[in-house]
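Okay, so here's the structure we're looking at.
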Amino acid sequence: MSGDGATEQAAEYVPEKVKKAEKKLEENPYDLDAWSILIREAQNQPIDKARKTYERLVAQFPSSGRFWKLYIEAEVTILFYFFLYTYHYSDRKQVRNIA
Numbered sequence: 001m002s003g004d005g006a007t008e009q010a011a012e013y014v015p016e017k018v019k020k021a022e023k024k025l026e027e028n029p030y031d032l033d034a035w036s037i038l039i040r041e042a043q044n045q046p047i048d049k050a051r052k053t054y055e056r057l058v059a060q061f062p063s064s065g066r067f068w069k070l071y072i073e074a075e076v077t078i079l080f081y082f083f084l085y086t087y088h089y090s091d092r093k094q095v096r097n098i099a
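According to the UniProt record's numbering, the sequence shown is numbered sequentially starting from 1.
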């Protein structure tokens with residue numbers, strides 16, 4: 001049971017710089033330096049974890065094409081890899097069935 005707690009703590013680890021950025025955003029939701037830290041962190045996370053940050057970002061700056069582009073690129077990248085993986089393995093299955 002103690003191993004499960006360690007796994008949960010590791011999964012929920014938040015770097016100190018991200019905590020500081022979140023605190024800055026509570027004081028000033030338009031602080032671009034704080035948003036930059038959160039964006040960099042989101043870019044290093046799986047999309048299911050990063051999505052919340054991207055959604056907050058575009059909600060705060062709805063007319064910023066740059067921020068929408070970052071969000072869309074993150075979503076499209078994961079879709080690209082999903083389709084690439086699916087295509088690759090479906091191709092192999094067809095080749096085995098023919099042989």
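All residues carry an ideal CB built from backbone N, CA and C; glycine is no exception.
Asked, Found
"Would you tell me roughly how many angstroms separate the C-alpha atoms of leucine 84 and alanine 50, rounded to the nearest one?", "21 Å"
"When we look at the beta-carbon of threonine 53 and count the other beta-carbons within 10 Å, is it buried (16 or more) or exposed?", "buried"
"Which of the three DSSP states is assigned to glutamate 31 in this structure?", "Looking at the sequence itself, residue 31 is aspartate, so the reference to glutamate does not match. Correct three-state label for aspartate 31: coil."
"Within the continuous alpha helix (DSSP H) that includes glutamine 60, where are the two ends?", "47 to 60"
"Using the Cα positions of residue 132 and glutamate 41, report the straight-line distance between them to the nearest angstrom.", "This structure leaves residue 132 out entirely; the chain is present only between 1 and 99."
"May I ask you to report which of helix, strand or coil DSSP gives serine 63?", "coil"
"Could you tell me whether the Cβ atoms of valine 76 and tryptophan 68 are closer together than 8 Å?", "no"
"Straight-line CA distance for arginine 56 to asparagine 44?", "17 Å"
"Verify whether the separation of the beta carbon atoms of alanine 74 and isoleucine 37 is less than 8 Å.", "no"
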